[in-house]
Amino acid sequence: MYLTREEEKMLDGEYGEGLAKCMRLLVVLGEIFEAEKMVRVKSCHVSGVSYKNIGEPGLELLKSFAMENVRVKVKKTTLNPSGMDRKKWRRMGLPENFVQKQTEILKAFKRVGVNLTCSCTPYLAGNKPKPGDYVAWSESSATVYVNSVLGARTNRESGLSALASAITGRTPYYGYLLDENRKPNVKVKVKFKPSNVVEAGGLGYLIGKIFPERVPFFSGLGFMDFDWLKALGAGLASSGAVTLYHVENLTPEAKLFDGKCLAEAEKFEVEREDVKKAVEDLSEAEERFDAVFLGCPHYSLNQLKDVAYFLRGRKVKAKLWVFTSRSVYVKAKGLGYVGLIEKAGGLVLCDTCMVVSPLENLGLECVCTDSCKAAHYLPSTNRVKVKVKSPFECLEAIS
Amino acid sequence: MGFLRLKGRSLVKGEVEGEALVTSQPISFFGGVNPKTGFVVEKNHELYGEKVTGKILVFPYGKGSSVGSYVLYAMARYGTAPLAIINLKTDPIIAVGCALANIPLIDRLDKNPLETIKTGDKVKVFLDGWVEVEG
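Top to bottom, those sequences are chains E and L. If you're matching positions, the first sequence starts at 0 in numbering that gives the first Met the number 0 and goes up one per residue. If you're matching positions, the second sequence starts at 0 in numbering that gives the first Met the number 0 and goes up one per residue.
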């Protein structure tokens, strides 16, 4: 693999052991995937933040990183959700010990210069790369969004390789950074128009399961707003390893693929019934649930608005938690959405989410959500049963 | 009973011997495997309820969460990690996890490992990417 003089210096430890460690990791990756060289990255997003997920070994690893006195070179480096809302953690019922460990992790990230955005939607929190930019993003739902919807280029980075890229400013040049790997290789003809975010997420979940490592090209979808695209990608990236998709007449690279390229791709057709079945398989059959969790991936301002308006003049009869990024929260608060949701008895939380926060102590048996990604992970990460419904169905059922 | 030699790319080098655990389905270590116990906990996975600890784990590639590398690293620290991983074609999240945790990793074997290696086979992994299978 070709390295510039500067990159060789980093590797050889001329700038310290911390930088050398990061470069070693990226060179190993580059060699495994036969990259010819490194390229500079303009933006990074780092996952692996919750103490619940990375535990003591992860905390020690990050601390050792921070001790090496490294700083991120890439200014636009954002962080994934942690295990707690930094302000409202008491209302989440989290144990003090957890809060203390989580705080140590956040301190380690702060020390290396990562912005503590604590969100899985960094593109709604000031980290929005341009089409064609090379970036190193982890967080599977964000990776697929930045590739597909924003048209920037990243591989499916792990939290650690994204951090190494933030510190060195480099990523190995391979995989989804190359034109040839961004071509669609399965054409999915969608025979229905999704009518809500669950159908969009369910479509992704189904296709990710059938074609776990492909680049799908969706046709027939018609209009999809950004929230539905976010759900589509989150589904694709949780049942499978999909990290790039195209939507006809919509996503930035879709128009690049002429008839020939698509003619060579495998064909697949999806009916609404197929998606319904995939969502049903993820969802508990019984109607009883103890809580509604929304915001996986983190809700946008529009989604918070919809929840707020729906709840005007209503009271919720069960626990309702809505997760978002702090920057969207601040806007939503200014516009009165947070007030409306909390007046109705709900709680709007930032910096964390239902999947990465320890919720075992809440005594929940079954939760209802609009997210296929959350439905995929929650039974194993938080040992709860999950019911999947559209956002309005979720809210109607408890208010 | 049969004996088979396969040649692959040795990505994280190591020489180990153990029993194979094989699945044709991709794995997400985050949410898919409990790092404290080593059991597969993803509800609809072929390996649900199986323990990966000390096994030569054979699967196509990683899927899902980008936190998988941390989970592999934690498993190595807790002593619940697989002995080695054999992938059809590895992916960055598995590769970084194995490199960091020093779990031997081999991919791109000359014969499809998902078809030639069976759960329960005795598998020996060598430094240079050779794999011996006795089943």
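By construction, the Cβ of each residue, glycine as well, lies at the ideal position given by its N, Cα and C atoms. Keep in mind the model is a prediction, meaning the values are calculated, not measured.
| What in chain E is Cβ-close to L/LEU10, meaning under 9 Å? | Listed along the chain, the chain E residues whose CB falls inside 9 Å of the CB of L/LEU10 are VAL27, GLU30 and ILE31.
| query | Going along the region 360-387 of chain E in order, which residues come within less than 8 Å of chain B, judged by CB to CB distance? | reply | The chain labelled as chain B is not found among the protein chains of the depicted structure, namely E and L.
| According to DSSP, residues forming a beta bridge with E/LEU177 | Paired residues: none, contrary to the question.
| By the criterion of Cβ-Cβ separation under 7 Å, what are the contact partners of L/ALA94 in chain E? | LEU28 and ILE31, listed in chain order.
| said: Taking the beta strand (DSSP E) that E/TRP227 belongs to, which residues open and close that run? | reply: For E/TRP227, there is no enclosing beta strand (DSSP E); the residue is part of the alpha helix (DSSP H) that begins and ends at 225-238.
| task | Taking only beta-carbon positions, decide if E/GLY234 is within less than 7 Å of chain L. | result | For E/GLY234, the nearest beta carbon of chain L is not closer than 7 Å to its own beta carbon.
| Going by the CB atoms, is the gap between E/SER63 and E/ASN195 shorter than 7 Å? | The answer is no: Cβ separation not under 7 Å.
| Contact check, L/LEU108 vs L/SER23, beta carbons under 7 Å | By the CB criterion at 7 Å, L/LEU108 and L/SER23 fall outside the cutoff.
| Three-state secondary structure (DSSP) at L/SER23? | L/SER23 carries a coil assignment under DSSP once its states are collapsed to helix, strand and coil.
| task | Taking only beta-carbon positions, decide if L/VAL66 is within less than 7 Å of chain E. | result | Answer yes: the Cβ-Cβ gap between L/VAL66 and chain E drops below 7 Å somewhere.
| query | Going by other Cβ atoms of all chains shown within 10 Å of its Cβ, with 16 needed for buried, is E/TYR298 buried or exposed? | reply | Of the other Cβ atoms in all chains shown, 16 or more fall within 10 Å of the Cβ of E/TYR298; this residue is therefore buried.
| Buried/exposed call for E/THR3, threshold 16 Cβ in 10 Å | Looking at its Cβ environment, which holds fewer than 16 other Cβ atoms inside 10 Å, E/THR3 is exposed.
| request: Please report how far the alpha carbon of E/ASN79 lies from the alpha carbon of E/TYR122, in whole angstroms. | output: Looking at the backbone, the Cα of E/ASN79 and that of E/TYR122 are separated by about 12 Å.
| Buried or exposed by the 16-neighbour rule on C-beta atoms within 10 Å, applied to E/PRO130 | The residue is exposed, with fewer than 16 neighbouring Cβ atoms inside 10 Å.
| Ordered along the chain, which non-local residues of its own chain (more than five positions away) have a Cβ less than 7 Å from that of E/LEU300? | VAL327, LYS330 and ALA331.
| If you check the beta carbons only, do E/ARG313 and E/SER398 fall under 7 Å apart? | Yes. Within cutoff.
| task | Would you please state the rounded distance, in angstroms, between the beta carbons of E/VAL111 and E/ARG70? I believe it to be under 8 Å. | result | Confirmed, Cβ separation roughly 6 Å.
| query | Taking Cβ positions, are E/VAL134 and E/ALA161 nearer each other than 7 Å? | reply | Against a cut-off of 7 Å, the Cβ pair of E/ALA161 and E/VAL134 comes out as no contact.
| request: Flag this pair as touching only if the region 36-44 of chain E and the region 32-51 of chain L have three or more C-beta atom pairs under 8 Å; answer yes or no. | output: Flag = no, the region 36-44 of chain E and the region 32-51 of chain L do not touch.
| request: Could you tell me whether the Cβ atoms of E/VAL355 and E/ALA373 are closer together than 7 Å? | output: Cβ distance not < 7 Å, so E/VAL355 and E/ALA373 don't count as in contact.
| query | So what does DSSP say about E/LEU96, is it helix, strand or coil? | reply | In the sequence as displayed, the identity of residue 96 of chain E is Asn instead of Leu. The three-state secondary structure of E/ASN96, taken from DSSP, is helix.
| task | Spell out whether any CB of chain L is found under 7 Å from the CB atom of E/ALA165. | result | No, E/ALA165 does not count as interfacial toward chain L.
| said: I'd like to know whether the C-beta atoms of E/LEU205 and E/ALA284 end up nearer to each other than 7 Å. | reply: No.
| said: Is there a C-beta anywhere in chain E that falls below 7 Å from the one on L/GLU41? | reply: Cβ-Cβ to chain E under 7 Å: yes for L/GLU41.
| message | Applying the 10 Å Cβ sphere with the 16-neighbour rule, what's the burial state of E/PRO215? | response | Around the beta-carbon of E/PRO215, 16 or more other beta-carbon atoms lie within 10 Å, marking it buried.
| request: Return the chain-ordered list of same chain residues with a C-beta closer than 6 Å to the C-beta of L/LEU126, the five sequence neighbours on each side being excluded. | output: Hits under 6 Å: LYS12 and GLU14.
| task | Spell out the partners DSSP gives E/PRO171 in its beta bridges. | result | Among the bridge pairs identified by DSSP, E/PRO171 is matched with E/MET37.
| field | Sequence ranges, beta strand (DSSP E) only - wholly within the region 187-217 of chain E, length at least 3 | value | Listed in chain order, nothing qualifies, since the region 187-217 of chain E has no complete beta strand (DSSP E) run of 3 or more residues.
| request: Starting from the Cα of E/GLY219, find the closest Cα among E/VAL189, E/GLY333 and E/GLY207 and give me that residue. | output: Comparing Cα positions, the closest option is E/VAL189.
| query | Going along the chain, which unbroken runs of the beta strand (DSSP E) with 3 or more residues stay wholly within the region 126-153 of chain E? | reply | Note on the region 126-153 of chain E: whole beta strand (DSSP E) runs with a minimum of 3 residues are 134-136, in chain order.
| With distances taken between CB atoms, is the gap from E/PRO211 to E/GLY239 smaller than 7 Å? | Cβ distance < 7 Å, so E/PRO211 and E/GLY239 count as in contact.
| task | Can you tell me which of the three DSSP states E/ARG90 falls into? | result | It is helical.
| message | Looking at the strands, I want to know which residues DSSP matches up with L/VAL32. | response | BP columns for L/VAL32 point to L/VAL39.
| Given that L/LYS62 touches chain E, what residues does it touch there, using C-beta distances under 7 Å? | Proximity of chain E to L/LYS62 at the Cβ level (cut-off 7 Å) is accounted for by PRO211, GLY239 and ALA240, in chain order.
| said: Could you tell me the alpha carbon to alpha carbon distance between L/GLY53 and E/ASP224, rounded to whole angstroms? | reply: When rounded, the distance between both Cα atoms is 46 Å.
| query | For the alpha helix (DSSP H) that contains E/GLU30, what are its first and last residues? | reply | It spans 16-31 - the alpha helix (DSSP H) in which E/GLU30 sits, taken as one unbroken run.
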